[in-house]
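Quick notes on the structure that follows.
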Amino acid sequence: MEFTIFSILDLLGTFAFAVSGASQAMKKQFDVFGVFVLAFVTAIGGGTLRDIMLGDTPVGWMHDSILISVIIVAAGLTILFSPVINKLNFYVYIFDALGLGLFTMAGIQSGIDHDLSIFICIALGMISATFGGLIRDIITGEKPMLLTRKEIYALACALGGIVYFALRALSVPEEISVPATIVVVFLVRHLTFRFGIRLPTFGG
Amino acid sequence: MEFTIFSILDLLGTFAFAVSGASQAMKKQFDVFGVFVLAFVTAIGGGTLRDIMLGDTPVGWMHDSILISVIIVAAGLTILFSPVINKLNFYVYIFDALGLGLFTMAGIQSGIDHDLSIFICIALGMISATFGGLIRDIITGEKPMLLTRKEIYALACALGGIVYFALRALSVPEEISVPATIVVVFLVRHLTFRFGIRLPTFGG
Amino acid sequence: MEFTIFSILDLLGTFAFAVSGASQAMKKQFDVFGVFVLAFVTAIGGGTLRDIMLGDTPVGWMHDSILISVIIVAAGLTILFSPVINKLNFYVYIFDALGLGLFTMAGIQSGIDHDLSIFICIALGMISATFGGLIRDIITGEKPMLLTRKEIYALACALGGIVYFALRALSVPEEISVPATIVVVFLVRHLTFRFGIRLPTFGG
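Residue numbers (our numbering), protein chains in the order written: chain D, 465 to 668; chain F, 465 to 668; chain S, 465 to 668.
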């Protein structure tokens, strides 16, 4: 395996997702084993659901020992340095936003490999990027952040997907459209968060 | 795609399931995105689980743009007209009961296509018809209606399945046995609800 | 199908898992149907997730009518004799610990059949043995016992898996390594429970 800039960003995104799972498990007083399980579920849950629904089995992480090592290290570091990691929240947040973009792109690519429609490809991007966190919240009994946080999170994935397919329609080469998509997801997520732009909710 | 009476009923059932998911999401103060996600999960969750367990991948809805459009429209209308939809509860309930029968029949058919036993075929019918709602309740943190509501819901699917295989054993043609099954599910669901017939529970 | 000592232990483990699901459903006041569903989910949930992720579809229980009969009988007996079963808690606990070992071994075997790494094989063993209970807790709204109970449960599966691959590396024949693995899982689970040895948790 060669380490490209993307594979490194991908592992950083996985790292951030694993940290978010491990942190939430510790807040909920899970035991050591539970912390590792939730780190895994958060980091690979979205991609696993995508692979299962597409029939890409055995699912991807089963052949990816580097990915697994990264998750184990992330969970271990979260346990050992949880006060520090809380201070490093900004970096975790940045990696998480990058991971969002990278996982979105990976999901879109899976959909294209299966000749699926643009809508489904974008849905697969969103599922890959966000369902790990949804499963994390279900397991820990939290109100799902994905669905209720009002922050622009999944929508960032969708906008990135639209940009990707727009560039593709214009025959822009992948070397440009792929990084552009990841940057769009990152920026939409980051800027809307930074300026407090939120989705409306209902009820009361 | 030609529109038969069944495909139209199927879309109406999907519509009703999507409305039920979207309504519950709004009650739980999910954001706009969350309302659409829960509409999808409720409408396609049962069929997705069936397809995944059978290995029928990519799962059905990925190639069914009409189905997806119906869900989007259902969620959109629920958001726009939620007070009206509450008044239309009776129609939603009727579509839901029809959807229950149609999804049961679709699940049974999948089992037959895979040469599975009658018991498993009926189980697949029940899973197709009811697990979307179960997942909806898990995500929203509700006590699962499927398992605790005491209303005759999944049992209606099972009785429909038994009728289907009884007619099949008697060599009754599909043109009769399939609609008969859907009608049985609908009637069992409707009449037991109408007359308050319930399943016993335990504990206290 | 011939009944070997393993197939009988396997069915006893399935029986115990089904009883645990049915018991929890009754405590939560699920209706009769819900009790049966939770018995099934608890007994076959872990193996189903394993099969789905590996692409071994249709999943195993769809072709195993004896397994299904055992689950139905287990749920039925739990309903009929729940006070007695509470008194028989010790036997349920023993079967459960045996089931843990047997399901671990079955998961490891699936991983080997797919030429997966030792780490993934052991992970599949743990998933097979423990995720049915995790799904049971999610559906019933319990804090997941697997992740928070602090008892040595999934770790017992992991230790059994390590013993299995150590024996395999030493070219010990399967006739010895397989039962040894099951015994190790059982003993680690049993002895740590007996002597109150627990995993640390976090927070407070």
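C-beta: ideal position from N, C-alpha, C; glycine also. Treat the numbers as computed from the prediction; the structure is a model and nothing was measured.
Query raised in the report: Taking just the CA atoms, how far does Met526 of chain S sit from Val523 of chain D?
Result: Inter-residue distance for Val523 of chain D and Met526 of chain S is about 21 Å (C-alpha atoms, whole angstroms).
Report task. Starting from Thr612 of chain S, find everything on chain D with Cβ-Cβ shorter than 7 Å and list it in chain order. Result -> Thr612 of chain S reaches chain D at Gln493, Phe494, Asp495, Gly498, counting residues in chain order whose Cβ is nearer than 7 Å.
Query - Where Ser529 of chain S meets chain F, residues with beta-carbon distance less than 8 Å - result: Chain F residues near Ser529 of chain S: Ser581, Phe583.
**Report entry** C-alpha gap between Gly668 of chain F and Gln493 of chain S, whole angstroms
**Finding:** Because the pLDDT at Gly668 of chain F is just 48, under 50, the model does not fix this residue reliably, and the value given afterwards should be weighed accordingly. Whole-angstrom Cα-Cα distance: 7 Å.
Query raised in the report: Any idea if Ser641 of chain S is buried or exposed, counting beta-carbon neighbours within 10 angstroms, 16 or more meaning buried?
Result: The Cβ neighbour count for Ser641 of chain S, taken over all protein chains shown within 10 Å, is at least 16; the residue is labelled buried.
Query raised in the report: Any idea which residues DSSP pairs Arg662 of chain F with across the strands?
Result: DSSP lists F:Glu615 as the bridge partner or partners of Arg662 of chain F.
Report task. Pull up the distance between the alpha-carbon of Glu639 of chain D and that of Arg632 of chain D, whole angstroms please. Result -> Inter-residue distance for Glu639 of chain D and Arg632 of chain D is about 11 Å (C-alpha atoms, whole angstroms).
Query raised in the report: For chain D, is any of its Cβ atoms less than 9 Å away from the one on Lys551 of chain S?
Result: No, its Cβ sits nowhere closer than 9 Å to a Cβ of chain D.
**Report entry** Short-range partners of chain F found in the segment 504-527 of chain D, where Cβ spacing is below 7 Å
**Finding:** So the list reads Ile516, Met517, Leu518, Gly519, given in the order they occur along the chain.
**Report entry** Cβ-Cβ separation, Ala561 of chain S to Met590 of chain S (assumed contact under 8 Å), whole Å
**Finding:** Going by Cβ atoms, the distance from Met590 of chain S to Ala561 of chain S rounds to 15 Å, so no, they are not a contact pair.
Requested in this report: For Leu541 of chain D, go through chain S and note every residue whose CB falls closer than 7 Å to its CB, in chain order.
Outcome: Taking a Cβ-Cβ threshold of 7 Å, none of the residues of chain S is close to Leu541 of chain D; the smallest such distance is about 14 Å.
Query - N- and C-terminal bounds of the alpha helix (DSSP H) containing Lys551 of chain S - result: Where Lys551 of chain S is concerned, the enclosing alpha helix (DSSP H) stretches over 546-551.
Requested in this report: With a 10 Å radius around its C-beta and 16 neighbouring C-beta atoms as the bar for buried, classify Ala630 of chain F as buried or exposed.
Outcome: By the 10 Å Cβ count, Ala630 of chain F comes out exposed.
Query raised in the report: Between S:Gly565, S:Gly519, S:Val501, which lies nearest to Asp474 of chain S when the distance is taken from Cα to Cα?
Result: Measuring from the Cα of Asp474 of chain S, the nearest candidate turns out to be S:Gly565.
Query raised in the report: Touching or not, the segment 486-506 of chain F and the segment 570-577 of chain F, by the rule of three or more beta carbon pairs under 8 Å?
Result: Note that the segment 486-506 of chain F does not touch the segment 570-577 of chain F; fewer than 3 beta-carbon pairs, one per stretch, sit closer than 8 Å.
Query - Nonlocal neighbours in the same chain, by C-beta distance under 7 Å from Ile535 of chain F, ignoring five residues either side - result: Only Thr478, Ala482, Ala503, Phe504, Ala507 meet the Cβ criterion.
Query raised in the report: From this set, D:Leu541, D:Leu476, D:Ala620, which residue's C-alpha is nearest Ser487 of chain D's C-alpha?
Result: When only C-alpha atoms are compared, the closest one is D:Leu541.
Report task. Since I believe Ile584 of chain S is in contact with Gly509 of chain S (beta carbons under 8 Å), could you give me their beta-carbon distance rounded to a whole number of angstroms? Result -> The Cβ separation is near 19 Å, so there is no contact.
Requested in this report: Give me whichever residues DSSP pairs with Asp495 of chain S in a beta bridge.
Outcome: DSSP output for Asp495 of chain S lists F:Thr665 as bridge partner(s).
**Report entry** Whole-angstrom distance between Glu606 of chain F and Ser592 of chain F, CA atom to CA atom
**Finding:** Going from the Cα of Ser592 of chain F to the Cα of Glu606 of chain F covers about 20 Å.
Query raised in the report: If you count every other CB in all the chains shown that lies within 10 Å of the CB of Thr568 of chain D, and 16 or more means buried, which is it?
Result: Burial is judged here by how many other beta carbons sit within 10 angstroms of a residue's own beta carbon; Thr568 of chain D has at least 16 and is buried.
Query - Inter-residue spacing [alpha-carbon to alpha-carbon] between Ile558 of chain D and Val636 of chain D - result: Straight across, the Cα-Cα distance linking Ile558 of chain D with Val636 of chain D is about 27 Å.
Report task. Classify Ile646 of chain S as buried or exposed, calling it buried when 16 or more other Cβ atoms lie within 10 Å of its own Cβ. Result -> Classification of Ile646 of chain S: buried, given that the 10 Å Cβ count is 16 or more.
Query - Near-chain F residues of the segment 618-642 of chain D - C-beta to any C-beta below 7 Å - result: Result list: Ala618, Leu619.
Query raised in the report: Going by alpha carbons, who is nearest to Arg653 of chain S out of S:Pro643, S:Ala489, S:Val627, S:Leu623?
Result: Closest option to Arg653 of chain S, Cα to Cα, is S:Leu623.
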